[in-house]
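Read through the structure below, which is laid out as structure tokens, and then see the notes.
Numbering (this note's numbering), first residue to last: 9 to 296.
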């Protein structure tokens with residue numbers, strides 16, 4: 009009898025120890041980490057390059073969501089209550105629509121504009137928000153992230169500075185690679201439905217020709233102008249971002265005997281994505 013009781017107690021003890029072990033290994037332990045919130049997936053990559061695995065990084069726009077129309081979920085808003093800091097791009101429509109509400113949800117959360125000090129492109133009365141698609145701009149954005157994190161957590165100053173310098177080296181390598189592949193091309197024009205690539209085009213001496221006008225579909229008159237220009241300049245590719253419909257672009261592509269190529273400006277694995285984008289530009293878009 010005593011032997012049975014001993015065995016039962018031993019089994020209970022093993023089960024308890026196993027549960028404790030699994031709890032410690034469980035990803036839910038991340039809930040004990042401090043939280044950083046960002047607007048878009050590429051920012052998570054930038055922040056991670058600076059802070060490593062020390063923080064849980066909450067992203068407001070999930071994969072596939074459009075920055076122009078997304079509404080945050082109750083769960084995301086709840087995560088904001090726990091965030092120590094929010095890194096915003098500065099000019100995307102989602103932020104314009106929700107930034108006041110986001111700030112009111114957590115008055116202790118610091119809000120940092122990572123575009124501060126960058127050379128922004130103005131479009132009429134608005135600012136082009138696509139600052140994360142230029143390696144040179146990302147250097148400054150990463151520096152802003154580093155400085156903000158040092159203020160938030162000064163004991164990790166050395167780590168954040170070293171991580172920033174490592175990231176900057178990678179950005180310099182990428183910038184050099186893109187320049188070697190794309191600069192000084194005779195055929196430097198490309199059609200794009202939504203003008204996401206203004207900073208990329210400026211950095212590498214390319215000419216982005218947008219089809220969309222002020223966020224609106226083009227009029228029949230503008231479509232004719234675009235088709236005539238494409239035929240004159242022998243432009244055969246229309247770039248459309250992955251989060252948008254390609255139907256209108258396909259209509260124009262048929263008229264110019266061209267092709268629609270989808271690129272994803274909001275991929276989380278930013279560096280690898282930029283290398284893929286470079287390959288597409290080199291092999292398909294700016295070939296000569």
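Every residue, glycine too, gets a C-beta built ideally from N, C-alpha and C. Computed from a predicted structure; not experimentally measured.
Where does residue i land, buried or exposed, given buried means 16+ other C-beta within 10 angstroms?
i: residue 255; result: exposed
i: residue 162; result: exposed
i: residue 221; result: exposed
i: residue 181; result: exposed
i: residue 209; result: buried
i: residue 70; result: exposed
i: residue 103; result: buried
i: residue 266; result: buried
i: residue 134; result: exposed
i: residue 242; result: exposed
Could you pull the start and end residues of the alpha helix (DSSP H) that residue i belongs to?
i: residue 260; result: 255-263
i: residue 241; result: 228-241
i: residue 126; result: Run containing residue 126: none; DSSP gives neither H nor E here.
i: residue 288; result: 278-288
i: residue 185; result: 165-190
i: residue 211; result: 206-211
i: residue 147; result: 143-160
By the DSSP assignment, the beta strand (DSSP E) with residue i in it spans what residues?
i: residue 88; result: Taken as a continuous stretch (DSSP letters only), residue 88 belongs to no beta strand (DSSP E), being part of the alpha helix (DSSP H) at 82-88.
i: residue 215; result: 215-218
i: residue 66; result: 64-67
i: residue 91; result: 91-96
i: residue 267; result: 267-271
i: residue 197; result: 197-200
i: residue 246; result: 245-249
In its own chain, which residues sit with a C-beta less than 8 Å from the C-beta of residue i, not counting the 5 before and 5 after it?
i: residue 140; result: 48, 50, 51, 54, 97, 146, 149, 273 and 278
i: residue 132; result: 222
i: residue 234; result: 199, 217, 219, 226 and 260
For my contact list, residue i and residue j are in at a C-beta cut-off of 8 Å; report their separation, rounded to the angstrom.
i: residue 126; j: residue 88; result: In fact, because the Cβ distance is near 25 Å, the residues do not count as touching under 8 Å.
i: residue 199; j: residue 238; result: 6 Å
i: residue 43; j: residue 91; result: 5 Å
i: residue 271; j: residue 249; result: 6 Å
i: residue 218; j: residue 203; result: 4 Å
i: residue 264; j: residue 244; result: 7 Å
i: residue 207; j: residue 138; result: 6 Å
Using 8 Å as the limit for Cβ to Cβ distance, is residue i near chain B?
i: residue 261; result: This model lacks chain B altogether; it includes just one protein chain.
With a threshold of 7 Å on Cβ separation, who are the neighbours of residue i within its own chain once the five nearest residues in sequence on each side are excluded?
i: residue 179; result: 143, 146 and 147
Looking only at its own chain, which residues have a Cβ that is under 6 Å from the Cβ of residue i, when we skip the five neighbours before and after it?
i: residue 290; result: 189
Self-check item: Cβ contact check for the stretch 83-97 and the stretch 213-227: 3 or more pairs under 8 Å
Solution: no
Quiz item: Looking at C-beta atoms only, is the number of pairs between the stretch 114-129 and the stretch 57-66 that lie closer than 8 Å three or more?
Solution: no
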